[in-house]
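For reference, the structure is listed below as structure tokens.
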Amino acid sequence: MPSIGPACASSRERSAAAERLVSLRLDQDVLDGWRGTGPGWRSRLNDALRDALKRAG
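If you use the working numbering, the sequence shown corresponds to residues 1 to 57, in order.
Set out below in structure tokens:
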């Protein structure tokens, strides 16, 4: 995966919460599905995981 240039990194919107870089194994169809939603798929995946965590209580 290409590295993010300084312009992209500085213009990227940051959330109030601290972000951590992790490695996560996903089924190929799940990854393809999220990537297929277009730009911003990582943020949407993060939001979906946060919502699932809240529901799990």
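Yeah, the Cβ is synthetic: ideal placement off N, Cα and C, and Gly gets one too.
If you draw a straight line from the Cα of glycine 40 to the Cα of aspartate 47, it comes to about 11 Å. In the three-state DSSP reduction, alanine 18 falls in the coil class, being neither helix nor strand. In its own chain, leaving out the 5 sequence neighbours on each side, no residue places its CB closer than 8 Å to the CB of lysine 54. DSSP places leucine 53 inside the alpha helix (DSSP H), whose first and last residues are 41 to 56.
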